[in-house]
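Structure, as structure tokens:
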Amino acid sequence: MTPNIVLINCDDLGYGDLSCYGSELHDTPALDALAAEGALFTDFYMASPVCSPSRAAMLTGSYPTRIGFGGEPMNNMRVLFPGQGVGLHPDEVTIASMLRGAGYATLAVGKWHCGDQPEFLPTNHGFDEWFGLPYSNDMGRQATAAGQPTLEELNQRIQAAGMDFELKWPPLPLMEGNELIECQPDQASLTRRYVERSTQFIREHSDAPFFLYLAHMYVHVPIYVEEQFQEQSRNGAYGAAVASIDWATAVIVEELERQGLSDNTLIIFTSDNGALAPGPDGAGSNAPLRAAKGTTWEGGQRVPCLIRWPERIAPGTRVTEMTSALDLLPTLGRLTGAPVPVDRLLDGADISELIGLDGPPVDAGRCFFYIGGANIEAVRVGGWKLHVRKGGTELLELYDLASDIGETVDVSDDHPDIVAELLARVEAGRIDLGEQASGIVGVGTRPIGRVDNPVTLADVDPSDPATLAEYDLPYRG
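Residue numbers for the sequence shown follow the working numbering, beginning at 136 and rising by one.
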């Protein structure tokens, strides 16, 4: 029987933020239950350490630079901003468009961040419906805290850095499909509204296969959270947001059970990148990994991943092989019978075998590239990880992740043969995917989507007090 698919993607949730991954600050019983009843992945990666490229890569099964997400095609901005005239190309095949072609009803709820022009929105990428924010929750109008740069100051910095882009800061738009339905929504209530819409969709499509993509805004800052979760937290607003994510998962699982759909629904839970470095909202954790969001150290890209499918996946499954979000599209294609695109290069593999299902053997020698901006910064094969660049600085450091998950001891001098092998992989990757730092145009890349004369989804009206969220004032001072 064709399974329903629920993909839950968090924002900036770290590897060590769930109790099933060792957190002692956060109690996550619903997510712990997913892990116990299905598969927990120890070595699961996102294809970028920041959100826009990460999400576009996950949805298409392609490295960000293969689809134009990074460097000059994005105006050298690391993520997409309101009114930017680029986004996920309309010709790209996403998980949603693949599944819709196989008869699935499709809904996206929450954060999109693959472009805010009509051509790039979820309804043009395989989703029948969408309810949510077009980008990060900090990209709306906010009171400026003491010491924080103003919009004018930010644009001066952008221009000084040689970036061809003007930052805009319109009111935060809440969307229903391609229609703006609300400006500056109360963020503390958004997760509850997302869950209500998700459970409504499950009820409405209980008699046919569906794909629900729930993209939380948590735990991206600024964090606004309902009081009931604040009371549960031992870690400030951050811990409250984690509690809200766990609650949302429990409600969705309960609705699936109520509709008799739980056994034949495949739930995937993950995060778009690692946790941000600790800040005023509480400390996220990437423990025991090195560094944080925005870096190609393990803490930037290795993230939690849980997959539960009671009908097919054995409880307590633990997947220790290297896997990534790039694998989701080809794997879901096999499990649902949906046709995986064969007219373009994809970078993921069918990993059905690793979760105990029928599928081809996964190549143990395959590699994973860690991409920062438009450059390959590191590569992993098996347990070996070689760093070749960090931003504008070249380096050569080798780590044995099997014995040194925290990347603390560089062993490159001890293993010149491994270094040579991994450097050859990097060189092949540069030819295929390109490298802006070296001026290499990848032979296997596809263009990012572009539009002329882009506009923001919402407009700034100085006479309208709603252009500055009232709930933001006490938070921002």
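Glycine is no exception: its CB is placed at the ideal position from the N, C-alpha and C atoms.
Alpha carbon to alpha carbon, what distance is there between K303 and P609? Here residue 609 refers to the residue found at position 474 when the sequence shown is read from its first residue. Here residue 303 refers to the residue found at position 168 when the sequence shown is read from its first residue. Since pLDDT at P609 reaches only 46, below the 50 mark, its modelled position is unreliable, and no value is offered.
Looking only at C-alpha atoms, which of I506, L396, V516 sits nearest to D498? Residue mapping note: residue 498 aligns to position 363 of the sequence shown, counting from 1. It is V516 whose Cα lies nearest to the Cα of D498.
Might you give, ordered along the chain, the residues of its own chain that have their beta carbon closer than 7 Å to the beta carbon of P582, omitting 5 neighbours on each side? Counting from 1 along the sequence shown, the entry for residue 582 is found at position 447. Contacts found: G203, H224.
Are L411 and D147 close, meaning C-beta to C-beta below 9 Å? As a first step, residue 411 must be located in the sequence shown, where it is residue number 276. As a first step, residue 147 must be located in the sequence shown, where it is residue number 12. Yes. Within cutoff.
On the three-state DSSP scale, how would you describe E287? As a position in the sequence shown, residue 287 is number 152, starting the count at 1. Residue state, collapsed to three classes: helix.
Per DSSP, which one or two residues make a beta bridge with N144? For this step, residue 144 is matched to residue 9 along the sequence shown. Residue pairing by DSSP puts N144 in a beta bridge opposite A350, T405.
Tell me which residue opens and which closes the beta strand (DSSP E) that E314 is part of. Reading the sequence shown from its first residue, position 179 is the one you call residue 314. From DSSP, the beta strand (DSSP E) with E314 extends over 314 to 318.
Going by CA-CA distance only, name the one from A376, G527, W519, S459 that's closest to E512. Translated into positions along the sequence shown, residue 512 becomes position 377. Comparing Cα positions, the closest option is G527.
Assuming G434 contacts R447 under a Cβ cut-off of 8 Å, what Cβ separation, rounded to an integer in Å, is found between them? Working through the sequence shown from its first residue, we reach residue 434 at position 299. Working through the sequence shown from its first residue, we reach residue 447 at position 312. With 8 Å as the limit, G434 and R447 do not qualify as a contact, their Cβ atoms being about 32 Å apart.
Any beta-carbon of chain B closer than 9 Å to the one on D493? In the structure shown, chain B does not exist; there is a single protein chain.
Could you give the DSSP three-state label for I528: helix, strand or coil? Stepping through the sequence shown from its first residue, residue 528 is reached at position 393. The sequence given here has Thr at residue 528, not Ile. In the three-state scheme derived from DSSP, where H, G and I count as helix and E and B as strand, T528 is classed as strand.
How is the alpha helix (DSSP H) around L568 delimited, first residue to last? In the sequence shown, counting from the first residue as 1, residue 568 sits at position 433. Segment 551 to 568, the alpha helix (DSSP H) holding L568.
When you compare only the Cα positions, how much space is there between R453 and P257? Residue mapping note: residue 453 aligns to position 318 of the sequence shown, counting from 1. Residue mapping note: residue 257 aligns to position 122 of the sequence shown, counting from 1. Roughly 33 Å separates the two Cα atoms.
Thinking C-alpha only, which one of T405, G297, A350, N259 is nearest L174? Counting from one through the sequence shown, the residue named residue 174 turns up at place 39. In the sequence as presented, Leu is not what sits at residue 174; that position holds Ala. Among T405, G297, A350, N259, the Cα nearest to that of A174 is on T405.
Less than 9 Å between the beta carbons of L481 and N139, yes or no? Counted from its first residue, the sequence shown places residue 481 at position 346. Counted from its first residue, the sequence shown places residue 139 at position 4. No, they are not a contact pair.
Among C145, A593, E159, V586, which residue has its Cα nearest to the Cα of S368? In the sequence shown, the residue the question calls residue 368 occupies position 233. Looking at the Cα atoms, E159 is the closest of the given residues.
Locate the alpha helix (DSSP H) running through E331, then write down its first and last residues. Residue mapping note: residue 331 aligns to position 196 of the sequence shown, counting from 1. Looking at the DSSP string, the run of the alpha helix (DSSP H) that includes E331 is 322 to 339.
Closest Cα partner of M457 within the set H260, C502, L463: Locating residue 457 in the sequence shown gives position 322, where the first residue counts as 1. Restricting attention to H260, C502, L463, the CA atom closest to the CA of M457 is found in C502.
Length-filtered (3 minimum) beta strand (DSSP E) runs lying within the region 437 to 464: Here the runs fully enclosed are 440 to 443, 452 to 454.
What distance in whole Å lies between the Cβ atoms of D407 and P164, which are believed to be in contact at a cut-off of 8 Å? Numbered from 1 along the sequence shown, position 29 holds the residue referred to as residue 164. Numbered from 1 along the sequence shown, position 272 holds the residue referred to as residue 407. Incorrect: roughly 23 Å between the Cβ atoms, too far for contact.
Under the three-state reduction of DSSP, which class applies to I575: helix, strand or coil? By one-based count along the sequence shown, residue 575 stands at place 440. Reduced to three states, the DSSP call for I575 is strand.
Residues near A537 by beta carbon distance below 6 Å, same chain, minus five either side: In the sequence shown, residue 537 corresponds to position 402, counting from 1. The residues are G518.
Tell me where the beta strand (DSSP E) around W265 begins and ends. Here residue 265 is taken as the residue at index 130 of the sequence shown, counted from 1. Element bounds for W265: 264 to 267.
Please state the DSSP three-state secondary structure of A593. As a working note, residue 593 is residue 458 in the sequence shown. Note: A593 maps to coil in three-state DSSP.
CB contact flag (H522, V377, <9 Å): One-based indexing of the sequence shown puts residue 522 at position 387. One-based indexing of the sequence shown puts residue 377 at position 242. Taking 9 Å as the Cβ cut-off, H522 and V377 do not qualify as a contacting pair.
Quick check: the region 554 to 562 against the region 183 to 202, are there 3 or more CB pairs under 8 Å? Three or more Cβ pairs closer than 8 Å define a contact, and the region 554 to 562 falls short of that threshold against the region 183 to 202.
Measuring CB atoms only, is the region 254 to 271 touching the region 225 to 234, in the sense that at least three cross pairs come out at less than 8 Å? The region 254 to 271 is in contact with the region 225 to 234.
How would you write the range of the beta strand (DSSP E) that L302 sits in, first residue to last? Against the sequence shown, residue 302 aligns to sequence position 167. Counting along the chain, L302 falls outside any beta strand (DSSP E), and DSSP gives it neither H nor E.
With A449 and P465 assumed to form a contact (beta carbons below 8 Å), what rounded beta-carbon distance in angstroms separates them? For the purposes of this step, residue 449 is taken as residue 314 along the sequence shown, with counting starting at 1. For the purposes of this step, residue 465 is taken as residue 330 along the sequence shown, with counting starting at 1. Contact between A449 and P465 does not hold, since their C-beta atoms are separated by about 22 Å, which reaches or exceeds 8 Å.
At the level of alpha carbons, what is the spacing between E314 and V356? Walking along the sequence shown from the start, residue 314 turns up at place 179. Walking along the sequence shown from the start, residue 356 turns up at place 221. Distance between the alpha carbons of E314 and V356: 25 Å.
Please list the terminal residues of the continuous beta strand (DSSP E) segment that includes A170. Along the sequence shown, read from residue 1 onward, the residue named residue 170 stands at position 35. A170 -> not in any beta strand (DSSP E); alpha helix (DSSP H) instead, spanning 164 to 172.
Using beta-carbon positions only, say whether F179 and V438 come within less than 9 Å of one another. Within the sequence shown, the letter at position 44 stands for residue 179. Within the sequence shown, the letter at position 303 stands for residue 438. When the beta-carbon positions are compared, F179 and V438 come within less than 9 Å of each other.
Separation of V388 from R611, as counted between CA atoms: The count along the sequence shown starts at 1 and reaches residue 611 at position 476. The count along the sequence shown starts at 1 and reaches residue 388 at position 253. Its pLDDT being 39, under 50, R611 is placed unreliably by the model, and the measurement read from it follows with that caveat. Their Cα atoms are separated by approximately 35 Å.
Please report the residue range of the alpha helix (DSSP H) in which E390 lies. Within the sequence shown, numbered from 1, the residue matching residue 390 stands at position 255. Looking at the DSSP string, the run of the alpha helix (DSSP H) that includes E390 is 371 to 393.
Whose CA, out of Y150, G574, M193, A296, lies closest to the CA of T177? Translated into positions along the sequence shown, residue 177 becomes position 42. Out of Y150, G574, M193, A296, Y150 has the C-alpha closest to the C-alpha of T177.
Can the beta-carbon of L215 be found closer than 9 Å to that of Y156? To locate residue 215, count along the sequence shown from 1; it is residue 80. To locate residue 156, count along the sequence shown from 1; it is residue 21. With contacts defined by Cβ atoms closer than 9 Å, L215 and Y156 do not form a contacting pair.
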